[in-house]
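Peer 1:
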Amino acid sequence: MADFGGNRQYITTGNLRGSDRACLFLMDYPRRAGLKIYATVEVPAAEDHPQLLAQVAPANYRARIERLFLFHLQAFDWNCPQHITPRYSAQQVAEYSQNLQQRIHDLEQENQRLQQQLARKGE
């Protein structure tokens, strides 16, 4: 994983000085899945590993990579979905509700038409 310069907080590297162990929580909220990755972490300078650097550098992102995080997998575990609340992006909600929005529109049109028919009968 690439570590970009800029914020100068160095929280991650500071924590790794005390212990090289790390745990990553990767959440997929819509599918209610959580993956815990337990690893030891090596923090080499980016320029010492040009091949790895090329693999982790995102295209079209110009920030300088200061260092790499090399994760050495020790164990992993999938979380039980019972207590993971599904969360969706606004785009996902819009896509998922498109049929409902169309149905609401159709029903509103029908409602308006029926109200007009009733109004004409009452005249």
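Under our numbering, the first residue of the sequence shown carries the number 1145, and numbering increases by one thereafter. Heads up, the beta-carbon is just placed ideally off N, CA and C, and yes, glycines get one too. Since the structure is predicted, the reported quantities are computational estimates derived from the model, not experimental observations.
#1: Tell me where the beta strand (DSSP E) around leucine 1211 begins and ends.
#2: Compare the Cα-Cα distances from arginine 1231 to each of Phe1213, Pro1174, His1216, Leu1196 and report the closest residue.
#3: Could you give the C-beta distance for asparagine 1223 and glycine 1158, rounded to a whole number, given that I count them as a contact under 8 Å?
#4: Just to confirm my understanding: we take leucine 1214, look at its own chain, exclude 5 residues before and 5 after, and list those with CB closer than 6 Å. What are they?
#5: Would you say arginine 1208 and glycine 1149 are within 8 Å of each other, going by their C-beta atoms?
#6: Taking the beta strand (DSSP E) that arginine 1165 falls in, what are its first and last residues?
Peer 2: Let's see:
#1: The count along the sequence shown starts at 1 and reaches residue 1211 at position 67. This sequence places arginine at residue 1211; leucine is not what is there. Start and end: 1209–1212.
#2: Walking along the sequence shown from the start, residue 1231 turns up at place 87. It is Pro1174 whose Cα lies nearest to the Cα of arginine 1231.
#3: Within the sequence shown, numbered from 1, the residue matching residue 1223 stands at position 79. Within the sequence shown, numbered from 1, the residue matching residue 1158 stands at position 14. That belief does not hold up - the Cβ atoms of asparagine 1223 and glycine 1158 are roughly 28 Å apart, past 8 Å.
#4: Here the question's residue 1214 lines up with position 70 in the sequence shown. Glu1186, listed in sequence order.
#5: Taking the sequence shown and counting its residues from 1, the one referred to as residue 1208 is at position 64. Taking the sequence shown and counting its residues from 1, the one referred to as residue 1149 is at position 5. Going by C-beta atoms, arginine 1208 is nearer than 8 Å to glycine 1149.
#6: As a position in the sequence shown, residue 1165 is number 21, starting the count at 1. Note, arginine 1165: beta strand (DSSP E), 1165–1172.
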